[in-house]
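Chemist:
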Amino acid sequence: MNILNNFRFKTWHFILLFAIMFVSTSILANIKIGTIPPKVENSHCIEISDKTFSDAISSNISFVLLYKDDSDLCKKMEYNLNILSAKKEGSAGYYKLNIEKYPGRYSKYNISGTPSILVFRDGKEIERIMGVVPVENLEIIYNRAAK
408 MNILNNFRFK
418 TWHFILLFAI
428 MFVSTSILAN
438 IKIGTIPPKV
448 ENSHCIEISD
458 KTFSDAISSN
468 ISFVLLYKDD
478 SDLCKKMEYN
488 LNILSAKKEG
498 SAGYYKLNIE
508 KYPGRYSKYN
518 ISGTPSILVF
528 RDGKEIERIM
538 GVVPVENLEI
548 IYNRAAK
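To get the working numbering, take the position in the sequence shown, counting from 1, and add 407.
(1) Distance, Cα to Cα, Met484 vs Arg415?
(2) Is the stretch 517 to 530 in contact with the stretch 462 to 470, if contact means three or more CB pairs nearer than 8 Å?
(3) Just the C-alpha distance for Glu534 and Leu525, rounded to the nearest angstrom, thanks.
(4) Just the Cα atoms here: how many angstroms apart are Phe432 and Phe425?
(5) Within the continuous alpha helix (DSSP H) that includes Phe460, where are the two ends?
(6) Does DSSP put Ile524 in a helix, in a strand, or in coil?
(7) Can you check which of these residues, Lys482, Gly538 and Glu454, is closest to Ile518 by C-alpha distance?
As structure tokens, this is what we get:
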């Protein structure tokens, strides 16, 4: 019992704890993200531009993926959106906008990083998704938006 009373945290304890947390978080993130497809074949996400953006979001429910070409995480998110669009066929619009080509949208919607998905209902933003989200969570967000 005397040993516990004299125990004091040292700097190396905190460094070790931080290292363990960092490694475990990295491992869990890689497991959760899974394999990232090299290329999305037959994408259901329609490429839009600044000129077609307003028309795209004016329909009932629209998911707009803001992405960068060289990002594997953006490819994974597009892959997940394609799975959602196949499950909810014809019930919403699925679009993608390359932020590098149209940086004005980046600042207009105050995007802090990619991938980001903006969910619109009748032209108004109702939800914002940042980062890679599993298909199950996208379904929950879709069901909430459809109400």
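We put the beta carbon where it would ideally sit given N, CA and C, even for glycine. Keep in mind the model is a prediction, meaning the values are calculated, not measured.
Modeler: If we stick to the structure as given:
(1) C-alpha separation (whole angstroms): 46 Å.
(2) Flag = yes, the stretch 517 to 530 and the stretch 462 to 470 touch.
(3) Each residue's alpha carbon lies about 6 Å from the other.
(4) The sequence shown places Thr at residue 432, rather than the Phe named in the question. Their backbone Cα atoms lie some 10 Å apart in a straight line.
(5) Its alpha helix (DSSP H) spans residues Asp457 to Ile464.
(6) Note: Ile524 maps to strand in three-state DSSP.
(7) Taking only the C-alpha atoms, the option nearest Ile518 is Gly538.
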